[in-house]
Amino acid sequence: MRSNNPLQLTLAILKPHVIKNPFALQKIRQLILDNDFKVVRSRRTKITFSEASYFYQDHKDKFFYNRLVTFMSSGPSDIHILARDNAIVRWRELMGPTKVYQAQYLAPESIRGKFGLSDTRNATHGSDSPDSAKREIKVFFNDFNIDEWFDNEEIYFKHEQLKFDQDLFLHIIDKSLKPLPS
Ligand code: GDP
Ligand code: MG
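For reference, each letter of the sequence shown is one residue, going 1 to 182 in UniProt numbering.
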């Protein structure tokens, strides 16, 4: 991630069927790291029906809304705040198209192409704009202050003064490391 562009944050969710499949979970985690995303926050939680309803409120009139909300609250999900330059677009590229047959046909190497099971169980979520990233981060990381992160922590992520905790699946600031020359 050695770029001078500012970092951007996005909200990623690894949906319940991925968490039930250790092989898929491991492969997706590896793709996150291989594609230079830094993991700023991680939590595993069973999203409640009301959280899922609120999270997907823009889709409340769609035919798939009820099955989507039911699925998203059916078991634990891994929820991450990811950082990199152009994170929103890059994460959505890595995920591939929403619809699983399109993903398999048009982007077979994408996360959804590889690990999507159906249009509902399409493996992952990613914010689609800076405004939705802000809203979505608030839903699941209520105590995370985006402005404070950019003021106080972004610099360490940008200069990769970080250690990675495999168990927590989290990058942690390590101020003992010298910044790399930019
Ligand atoms: P995303 O931003 O790519 O996740 O797609 P959307 O915001 O349009 O839809 C939100 C989620 O609803 C998707 O990730 C799918 O899980 C689900 N979804 C979207 N379109 C369909 C559909 O046509 N059928 C079904 N069953 N689920 C859908
Ligand atoms: Mg969306």
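Ideal Cβ positions, reconstructed from N, Cα and C, are used throughout, including at glycine.
Please read all numbers here as calculations on a predicted model, not as lab measurements.
Is His-59 helix, strand or coil when you go by DSSP?
In the sequence shown, residue 59 corresponds to position 59, counting from 1. Correct three-state label for His-59: helix.
To test your reading of the DSSP string, which unbroken beta strand (DSSP E) runs of 3 or more residues are found completely within the stretch 94-182?
Entirely contained in the stretch 94-182, the beta strand (DSSP E) runs reaching 3 residues are, in chain order, 124-126, 162-165, 170-173.
Cβ of His-171 versus every heavy atom of the ligand GDP: is any distance shorter than 8 Å?
For the purposes of this step, residue 171 is identified with residue 171 of the sequence shown, where counting begins at 1. No, the beta carbon of His-171 sits no closer than 8 Å to any heavy atom of the ligand GDP.
Based on Cα-Cα distance, which residue from Asn-86, Asp-85, Glu-109, Ala-87 lies nearest to Gly-96?
Here residue 96 corresponds to residue number 96 of the sequence shown, with the count starting at 1. Nearest option by C-alpha distance: Glu-109.
Going by DSSP, which residues form a beta bridge with Thr-10?
By 1-based counting over the sequence shown, the position of residue 10 is 10. As a beta-bridge residue in DSSP terms, Thr-10 pairs with Leu-82.
What does the Cβ neighbour count give for Phe-64, buried or exposed, with the cut at 16 atoms within 10 Å?
Residue numbering aside, residue 64 sits at position 64 when the sequence shown is read from its first letter. It counts as exposed.
Using 10 angstroms around the beta-carbon of His-171, count the other beta-carbons present and answer buried if the total reaches 16, otherwise exposed.
Sequence index remark: in the sequence shown, residue 171 carries index 171 (1-based). Here His-171 is buried. Its C-beta has 16 or more other C-beta atoms within 10 Å.
In the DSSP assignment, find the unbroken alpha helix (DSSP H) run with Lys-15 in it and report its ends.
Residue mapping note: residue 15 aligns to position 15 of the sequence shown, counting from 1. Premise fails: Lys-15 is in no alpha helix (DSSP H) and is neither H nor E.
Specify, as a first and last residue, the run of the alpha helix (DSSP H) that Thr-70 falls within.
The residue labelled residue 70 in the question sits at position 70 within the sequence shown. That run of the alpha helix (DSSP H) goes 65-72.
Give me, in chain order, the residues of the same chain whose beta-carbon lies closer than 8 Å to that of Leu-162; leave out the 5 immediate sequence neighbours on both sides.
For the purposes of this step, residue 162 is taken as residue 162 along the sequence shown, with counting starting at 1. If the five residues before and after Leu-162 are omitted, its C-beta is found closer than 8 Å to the C-beta atoms of Lys-38, Tyr-156, His-171, Ile-172, Ile-173, Asp-174, Leu-177, all from its own chain and listed in chain order.
How many angstroms separate the CA atom of Thr-70 from the CA atom of Asp-61?
Sequence index remark: in the sequence shown, residue 70 carries index 70 (1-based). Sequence index remark: in the sequence shown, residue 61 carries index 61 (1-based). Taking the straight line from one Cα to the other gives about 15 Å.
Keeping to the same chain, check which residues put their C-beta closer than 7 Å to that of Phe-164; ignore five residues upstream and five downstream.
Numbered from its first residue, the sequence shown carries residue 164 at position 164. For Phe-164, where only same-chain residues beyond five positions count, the Cβ hits under 7 Å are His-171.
Whole-Å CB distance - Ser-77 paired with Thr-45, under 8 Å assumed
Residue numbering aside, residue 77 sits at position 77 when the sequence shown is read from its first letter. Residue numbering aside, residue 45 sits at position 45 when the sequence shown is read from its first letter. The C-beta distance from Ser-77 to Thr-45 rounds to 7 Å, short enough to meet the 8 Å contact threshold.
For the ligand GDP, list every residue whose C-beta falls under 5 Å from any of its heavy atoms, going in chain order.
With the cut-off at 5 Å, the residues found are Phe-64, Leu-68, Thr-98, Asp-119, Thr-120, Asn-122.
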